[in-house]
Every structure is written in C-alpha cells, then in structure tokens.
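Participant: After the structure tokens below, expect a handful of questions from me.
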Amino acid sequence: MSSFRALRPLARQAGAARRALPRATNPIQQHQRRFLDTSSAPTLYSAHAQVIGARTGKVHGENLDVELTMAKALGGAGDRGKTNPEELFAAGYGACFQSAMNAAAASMGVKMPTRMEDSVVETTVHLVGDMKALDMGLRVNMTVKVKGLGREELDKVVAKAKEVCPYSRATQGNIDTNIKVVNFTDGENDIEGDNAKSYGTSTYG
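Residues in the sequence shown are numbered from -1 upward in steps of one, following the working numbering.
As structure tokens, then:
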C-alpha cells in the first residue's frame, strides 16, 4: 500500500505535464470540431430517390432519371451512358466539397477564382473489401485544383472545407478519405485522413 501512495504524486505530475503540452496550431493538423446534432437540427432540404432493380436497375428522383449498370470490374456489363452508386457518390461528394470550399473561403476573406475551370475537384470512390464474404467498404481519393491561391492559403481553405462539408462530416471516421491539394502555380501537398497533414512536393508551372 505504501508503494501505491508513493506513486500517486508521480502520476499527478505526469498528468499535469501532459496537460501543459502545446496543442497543434497547424489548421490542417487540428481535429475537426464537434458539429450539430443531425437528429434534431432543422431541415434545409430533402432529396428523395426511388431505386428499382438494384445495381442494374433505374433511379428516379425529382430532378433525376438515370439507368444503372454493374461495373465491369464487378462482373457487370459496364454499359456506356449508365452509371453506378460509386459514380453518383463521387459526384455528390465532389460537388458538396467544392461548395464547402467556396463557403469556407468567403468566411475567411479568401478570394476564389471567378472562372469555373480554375477550381476543379476530382473524386474517385473505391469499393473495397471482399464481395464473397459480404465485407465491403469505401475509400475516397480527392484531388483539388485551384488556380491563383498560395499553398498556405489553399491549405486553410481545404482544412475549413473538411470541417464544414456535410459529406465530410458524414464520412468522418467511417471512410478513409485522402485529399491531394494542387495549386496550379505554387505546388502540391497531401491532406490525409481525419488528422490531416501537409508537405510541399513538386512545383507546377
């Protein structure tokens, strides 16, 4: 018992030392803040889609009528002119994230390009796992290309977008998302996962 009492002051000192450690100041390395309770938050918009025929069927929505096809990589026909759930998710995630970038930039006083072609988001959704074992998931690779912003400024915009984008919030902790940020003039860096990190690499002209 005396040995346990002797260790208590050391434990308290160790805890105090951990609390005294400086926190990360890099906005890309900080954890995303906790967000609203979606179960009780006011509804801003509701989208509805009806699916018939699963991955080889049809999708009908208020502003959407598309036919689905099973990708060739999954043993399907991969018919041209038809789509699949992964492609639709890639489009939705990319569009939402780019919109979040614009909103984040405006809130930070950062001027984004006025030409649409000077700000591009490319999203690839990978279906991963084992189909036979019914053990599957998603992995996302995203490339953000913006002309006219310095790397530090662009990093901050993307970090803020990761924090406020509804799709990023929904997938946080569930889907491994890797975002490569490319400035058309200043270089590129990677932002990976929930605890994002960045580093300078090649320079692009």
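Every residue gets a Cβ at the ideal spot worked out from N, C-alpha and C, and that includes glycine.
Confirm, please, whether the CB-CB distance from Thr121 to Met140 is below 7 Å.
Facilitator: Along the sequence shown, one-based indexing puts residue 140 at 142. Along the sequence shown, one-based indexing puts residue 121 at 123. Taking 7 Å as the Cβ cut-off, Met140 and Thr121 qualify as a contacting pair.
Participant: Kindly indicate which residue of Ser97, Val179, Val123 has the alpha-carbon position closest to the one of Met114.
Facilitator: As a position in the sequence shown, residue 114 is number 116, starting the count at 1. Answer by Cα proximity: Ser97.
Participant: For Thr81 and Gln48, I'd like the C-alpha separation in whole angstroms.
Facilitator: Your numbering for residue 81 matches position 83 in the sequence shown. Your numbering for residue 48 matches position 50 in the sequence shown. Their backbone Cα atoms lie some 15 Å apart in a straight line.
Participant: Would a C-beta distance cut-off of 7 Å place Leu136 and Val123 closer than the cut-off?
Facilitator: Counted from its first residue, the sequence shown places residue 136 at position 138. Counted from its first residue, the sequence shown places residue 123 at position 125. In contact: Leu136 and Val123 (Cβ atoms closer than 7 Å).
Participant: Measure the C-alpha to C-alpha separation of Lys215 and Asp77 and round it to an integer number of angstroms.
Facilitator: Shown here, the chain extends from -1 to 203; a query on residue 215 therefore has no answer.
Participant: Looking at Val155 and the ligand FAD, is the gap between the Cβ and the nearest heavy atom below 6 Å?
Facilitator: In the structure on display, the ligand FAD does not appear, and there are no ligands present to speak of.
Participant: Is the CB-CB distance between Ser166 and Lys158 below 7 Å?
Facilitator: Indexing the sequence shown from 1 puts residue 166 at position 168. Indexing the sequence shown from 1 puts residue 158 at position 160. No. Outside cutoff.
Participant: Considering Cα atoms alone, identify which of Asn172, Met134, Pro164, Val179 is closest to Val118.
Facilitator: Here residue 118 corresponds to residue number 120 of the sequence shown, with the count starting at 1. With distances taken between Cα atoms, Val118 lies closest to Val179.
Participant: If I follow the unbroken alpha helix (DSSP H) through Val123, where does it start and stop?
Facilitator: As a working mapping, residue 123 is identified with position 125 in the sequence shown. Segment 117 to 128 is the beta strand (DSSP E) holding Val123; no alpha helix (DSSP H) there.
Participant: Straight-line CA distance for Lys56 to Phe87?
Facilitator: Walking along the sequence shown from the start, residue 56 turns up at place 58. Walking along the sequence shown from the start, residue 87 turns up at place 89. The straight-line gap from Cα to Cα measures roughly 16 Å.
Participant: Give the secondary structure of Glu161 by DSSP, where H, G and I count as helix, E and B as strand, and everything else as coil.
Facilitator: Numbered from 1 along the sequence shown, position 163 holds the residue referred to as residue 161. Reduced to three states, the DSSP call for Glu161 is helix.
Participant: Could you pull the start and end residues of the alpha helix (DSSP H) that Met134 belongs to?
Facilitator: Along the sequence shown, one-based indexing puts residue 134 at 136. First-last for Met134: 133 to 144, but that is the beta strand (DSSP E), not the alpha helix (DSSP H).
Participant: I'd like to know whether the C-beta atoms of Val108 and Val155 end up nearer to each other than 7 Å.
Facilitator: Along the sequence shown, one-based indexing puts residue 108 at 110. Along the sequence shown, one-based indexing puts residue 155 at 157. Yes, Cβ-Cβ distance for Val108 and Val155 is below 7 Å.
Participant: Does any C-beta atom of chain C lie closer than 7 Å to the C-beta of Leu132?
Facilitator: No chain C appears in the structure shown, which is made up of a single protein chain.
Participant: Work out the CA separation of Gly74 and Pro25 for me, nearest whole Å.
Facilitator: Residue 25 sits at position 27 when you count from the first residue of the sequence shown. Residue 74 sits at position 76 when you count from the first residue of the sequence shown. Annotation note: pLDDT 45 at Pro25 (below 50); position unreliable, coordinate value reported separately. Each residue's alpha carbon lies about 43 Å from the other.
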